[in-house]
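In this text, residue positions in the sequence shown follow the working numbering: the first is 1, and each later residue adds one.
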Amino acid sequence: MRLYPTTINIKICLAMHGRTSRELRIKSLQFVGFYQMYANNRFKRTDVFSSILTTGVLYFANQDTGKHSMSIHLVSFVGHLAFFLTAISFVVKDIVALRILAIFSSFAAILYNYFHPMGSPDWLPLSWCFVFALINIWRVCQFYTEKYKVSLSDIELEMLDTSFSNFNPVEFAKLIRASHWENVGINTTLTTEKEIPQKLYFVQNGSILVTRDNKEIARTSDGTFIGEMSFINNSYASATTTTLTPTKLVVWDRPALNKLLSRNPTLSILLKHSISVDLTKKITEQPDPR
Numbered sequence: 001m002r003l004y005p006t007t008i009n010i011k012i013c014l015a016m017h018g019r020t021s022r023e024l025r026i027k028s029l030q031f032v033g034f035y036q037m038y039a040n041n042r043f044k045r046t047d048v049f050s051s052i053l054t055t056g057v058l059y060f061a062n063q064d065t066g067k068h069s070m071s072i073h074l075v076s077f078v079g080h081l082a083f084f085l086t087a088i089s090f091v092v093k094d095i096v097a098l099r100i101l102a103i104f105s106s107f108a109a110i111l112y113n114y115f116h117p118m119g120s121p122d123w124l125p126l127s128w129c130f131v132f133a134l135i136n137i138w139r140v141c142q143f144y145t146e147k148y149k150v151s152l153s154d155i156e157l158e159m160l161d162t163s164f165s166n167f168n169p170v171e172f173a174k175l176i177r178a179s180h181w182e183n184v185g186i187n188t189t190l191t192t193e194k195e196i197p198q199k200l201y202f203v204q205n206g207s208i209l210v211t212r213d214n215k216e217i218a219r220t221s222d223g224t225f226i227g228e229m230s231f232i233n234n235s236y237a238s239a240t241t242t243t244l245t246p247t248k249l250v251v252w253d254r255p256a257l258n259k260l261l262s263r264n265p266t267l268s269i270l271l272k273h274s275i276s277v278d279l280t281k282k283i284t285e286q287p288d289p290r
C-alpha cells in the first residue's frame with residue numbers, strides 16, 4: 001500500500017434550491033491530498049483531505065455571496081421570525097392586528113429571501129411577499145381612514161361599549177347606517193307569534209312584554225334584541241312582543257340587512273355573536289317557573 005500525493009482540480013457547483021434555470025456558479029479549487037490506493041483500485045480520502053475540502057467549500061461559499069452576504073445565523077433567525085409572525089397572526093381575533101402582523105411577516109420574509117442562505121436573492125417568493133405587504137398596508141390605511149371619518153352619537157357610542165362591544169367603530173357604523181330609529185308608544189306590537197317579522201329590533205330604551213298563547217313568559221328592557229330568533233333561523237316568531245312603556249328602538253328592515261350581511265361576512269359574524277350574547281343573557285335572567 002502506497003501513498004500518492006496528487007494535485008486535483010475539483011469543480012464545486014454552488015446551486016440554489018429550485019433554481020434549475022439559473023446559471024450555476026462554478027469555482028475551481030485546487031487541493032493537495034493523499035490517497036490510499038487499494039488492490040481493488042478504489043480510492044479513499046484521508047481525514048486530512050476531507051478537512052481541507054470542507055474548509056475550502058465553506059470559505060468559497062461565504063466569499064461568493066458578495067454584497068448580499070449576511071450572517072447565516074441572522075438570516076435563519078429572520079426566516080423563523082417571518083413564520084412566527086404569520087403563526088401569531090392566525091391566533092389574534094382583531095383583523096387590524098392580524099394585518100399589521102402580516103405586514104411585518106412579509107417584510108421579514110422579503111429580507112430572508114433577499115439575503116438567502118444559499119447566496120443570492122430568491123425573487124419569486126420575495127416579489128409575492130412584497131405584493132402581500134402592499135395589500136395589507138392598503139387595507140390598514142383604509143381602515144384608519146374610515147375610522148377617522150366615523151361619527152357616532154353619544155347613544156351609539158354607549159351601545160358600542162355595551163351590547164356591541166365585539167364590534168370596532170367602523171363595522172358598527174356600517175351596521176347603524178343600515179338601520180333607522182323609531183320612537184313608539186305603549187301597547188305597540190313589535191312581533192306576532194307564528195308570523196314572520198319583517199324587522200329586527202334593538203331596544204335602546206323601554207320595556208317589552210313577551211307573551212305566548214296569550215300568557216306572559218318574560219319581560220325585557222334596554223339593550224336587548226327583539227325578533228332575533230326569527231332572524232337567525234329565518235322562521236316564524238315564537239312569541240308576541242308588546243311595548244309596556246314609550247320605547248326607543250333601532251330598527252333594521254330584514255331584507256336590506258340580509259343583503260348587507262351577505263356582502264360583509266365579518267359584519268354577519270359580529271352581529272350573530274352579539275345576538276348570541278343577548279340570548280344567553282335572556283335565558284339566565286328568566287325567572288324560576290316555580
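Idealized CB from N, CA, C, for every residue including glycine.
Ranges of the alpha helix (DSSP H) found wholly within the region 220–255, counting only runs of at least 4: 228–233
The region 236–246 in contact with the region 193–213 per 3-pair CB rule at 8 Å: yes
Taking the CB atoms as reference points, tell me whether L267 and K174 lie closer together than 8 Å. yes
So the beta strand (DSSP E) N183 belongs to, where does it begin and stop? H180 to V184
Own chain partners of I110 with C-beta closer than 8 Å, once the 5 adjacent residues on each side are dropped: L126, C129, F130 and A133
Under 8 Å by Cβ, that's how I've got S89 and L101 pegged, so tell me the actual separation to the nearest angstrom. 4 Å
Are there 16 or more other CB atoms within 10 angstroms of the CB of K199, so buried, or fewer, so exposed? buried
F202 by DSSP, collapsed to three states: which one? strand
Could you have a look at K347 and say whether DSSP puts it in helix, strand or coil? The structure shown does not extend to residue 347, since the chain is modelled only from 1 through 290, so no value can be given for it.
Local conformation of I196 per DSSP, three classes: coil
Residue range of the unbroken alpha helix (DSSP H) whose run includes T86: I72 to V91
Note down, in chain order, each residue of its chain lying with its Cβ closer than 8 Å to the Cβ of D222, except the 5 sequence neighbours on either side. V203, Q204, N205 and G206
Between D122 and D94, what straight-line distance do the alpha-carbon atoms span, to the nearest angstrom? 32 Å
Does the beta-carbon of G227 have 16 or more other beta-carbons within 10 angstroms, so that it is buried, or is it exposed? buried
Hey, would you say Q178 sits closer than 8 Å to L257, going by beta carbons? For the record, residue 178 in the displayed sequence is Ala; it is not Gln. Their beta carbons are under 8 Å apart, which means A178 touches L257 by this criterion.
Whole angstroms is fine: what's the gap from H116's alpha carbon to F104's? 18 Å
By the three-class DSSP mapping on this structure, what secondary structure does V140 have? helix
How many whole angstroms separate the CB atoms of P246 and I186, which I take to be in contact at a CB cut-off of 8 Å? 6 Å
I'd like the span of the alpha helix (DSSP H) that includes T189, first residue to last. Element bounds for T189: not the alpha helix (DSSP H) but the beta strand (DSSP E), T189 to T191.
Pick helix, strand or coil for V277, following the three-state DSSP scheme. helix
Roughly how many angstroms separate the alpha carbons of F77 and V96, rounded to a whole number? 25 Å
C-beta atoms of I293 and E146 nearer than 8 Å: For the chain, the structure presents residues 1 to 290; residue 293 sits outside this window and is missing.
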